[in-house]
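One structure below.
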Amino acid sequence: MSAGPFDPLRMLETLVDHDVEFIVIGQIAAVLQGHPETTVDLDILPKHAIANAEHLADALRSLNARHVNHGPDTEPMAADEQDFIGWRVTRSFDTDAGRIDVVPVAAGIGTFDDNVDGAIVTDLDGFVVLTASVDAVIASKEAAGRPKDVRRLPSLRAFRDQLRAE
Amino acid sequence: MSSAAAVIRGARLRAGLSVRELARRAGTSHATLSRYERGSVQPAFATVERIVRACGLELRVHLDEPDTSDADLATSFLALTPRQRLESVANVDRLRRRAG
Chain A
255 MSAGPFDPLR
265 MLETLVDHDV
275 EFIVIGQIAA
285 VLQGHPETTV
295 DLDILPKHAI
305 ANAEHLADAL
315 RSLNARHVNH
325 GPDTEPMAAD
335 EQDFIGWRVT
345 RSFDTDAGRI
355 DVVPVAAGIG
365 TFDDNVDGAI
375 VTDLDGFVVL
385 TASVDAVIAS
395 KEAAGRPKDV
405 RRLPSLRAFR
415 DQLRAE
Chain B
250 MSSAAAVIRG
260 ARLRAGLSVR
270 ELARRAGTSH
280 ATLSRYERGS
290 VQPAFATVER
300 IVRACGLELR
310 VHLDEPDTSD
320 ADLATSFLAL
330 TPRQRLESVA
340 NVDRLRRRAG
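Protein sequence lines, in the order shown, are assigned to chains A and B. With our numbering, the residue at position 102 of the first sequence is 356, and numbering never jumps. With our numbering, the residue at position 28 of the second sequence is 277, and numbering never jumps.
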C-alpha cells in the first residue's frame with residue numbers, strides 16, 4: 255500500500271537521479287504532452303540491461319518500494335535487481351510516492367529499444383525524461399485493451415487530433 | 250448480447266456474409282443462426298468453432314490472469330486520506346505544468 259499521495263514528479267526525479275534509462279509510457283506520458291486527464295500510477299519502460307536493473311532497483315528501494323500484494327498470503331517484498339533481469343511480466347510497486355508499473359514489453363509498442371528512437375525528450379525544468387508519443391500511448395492502449403485503457407481512448411484520440419491541428 | 254452471440258455476429262460481419270449465406274455454409278438454418286446471434290439460444294462451444302470456421306476464420310482461446318489493475322489502483326487510492334487524494338491529482342497537474 256502506498257504511504258503517501260501519488261507524486262509522479264518525485265518518482266521521475268528519483269529515477270533520473272539514479273541514472274535509470276527508461277521511457278515514460280501510459281497516461282503520464284500523455285499528461286507530459288498536455289493531456290488533461292489525471293491518473294494515479296506511473297508506467298515506465300526501462301532499458302533491458304543488468305546495470306540498468308541495478309539502478310532501477312536502487313531507485314525503487316530509495317522510494318521504499320514494495321511489490322503490490324496480489325494474494326492474501328503473499329508478503330510484500332522489496333524491489334531487487336533480479337526482478338528486472340530477463341523478466342517478462344509487468345511488475346507493480348507501491349512506493350512512498352505512489353504506484354509505479356515497471357513494464358518489460360509494452361503491448362503494441364514493444365521494448366525500450368523499440369521505442370527509444372521515437373521517444374520525445376521532455377524537459378522538466380531541471381532534468382529531462384524520455385516520453386512515449388501520444389500515438390504510441392494510443393497504440394499501446396489499443397493493444398492492451400483492458401477496460402481502463404479502452405475508457406481513455408476517445409479522449410486520447412481527440413487530444414492527438416488537437417495536437418496535429420496546432 | 251452473450252459472448253457467443255458477439256463472436257458469431259462479429260465473425261459473420263468480418264467475413265461479409267449474410268445470415269442466410271453463413272447458415273448455409275455452416276450447415277444450420279437461418280432461424281437457428283439468428284437465435285445464436287441474438288443470444289436467445291446458447292450454442293455449444295464446438296458449434297461456435299464450426300460457425301467461425303465457416304466464416305473463413307479461426308477461433309483462438311487462451312487462458313489469462315484476470316485483470317485486477319483497476320481494483321488494485323482503487324485499493325491504493327482508497328488507502329489515502331481525502332486530502333492525499335486531492336494532493337495526488339494536484340501532483341499530476343504540477344507535472345503537466347512543469348513539462349509545458
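In this text, a Cβ means the ideal position worked out from N, Cα and C, and glycines have one as well.
Check                                                                                                                                             : Outcome
Just to confirm, are A/Thr385 and A/Ala283 a CB contact at a threshold of 7 Å?                                                                    : yes
Near B/Leu329, what residues of its chain come up, given a Cβ to Cβ distance below 6 Å and the 5 sequence neighbours on each side ignored?        : none
In the DSSP assignment, find the beta strand (DSSP E) that holds A/Val375 and state where it starts and stops.                                    : Ile374 to Asp377
Just to confirm, are A/Ser394 and A/Ala361 a CB contact at a threshold of 7 Å?                                                                    : yes
Flag A/Gly364 as yes if its beta-carbon sits less than 7 Å from any beta-carbon of chain B, otherwise no.                                         : no
When you compare the CB of A/Lys301 with every CB in chain B, is at least one pair closer than 7 Å?                                               : no
So, is the C-beta of A/Val357 closer than 7 Å to a C-beta in chain B?                                                                             : no
I'd like to check one pair, A/Val375 with A/Asp297: are the Cβ atoms closer than 7 Å?                                                             : no
Residues in the stretch 256 to 281 of chain B with C-beta within 9 Å of chain A's C-beta atoms, listed in sequence order?                         : none
Excluding sequence positions up to five away, which residues of its chain have a Cβ less than 8 Å from the Cβ of A/Thr268?                        : Ala313, Ser316, Leu317 and Ala351
If we define contact as Cβ-Cβ less than 7 Å, is B/Val310 a contact residue for chain A?                                                           : no
So B/Glu336 contacts chain C; which residues on that side make the cut at Cβ distance below 9 Å?                                                  : In the displayed structure, chain C is absent; the protein chains listed are A and B.
Within 7 Å of any Cβ in chain B, is that where the Cβ of A/Arg418 sits?                                                                           : no
Closest Cβ-Cβ distance between B/Phe326 and chain A: below 7 Å?                                                                                   : yes
Which residues mark the beginning and the end of the beta strand (DSSP E) in which A/Phe347 is found?                                             : Arg345 to Thr349
Could you please tell me which residues of the stretch 283 to 315 of chain A, in chain order, have their CB closer than 7 Å to any CB of chain B? : Val285, Leu286, Gly288, Thr292, Thr293, Val294 and Asp295
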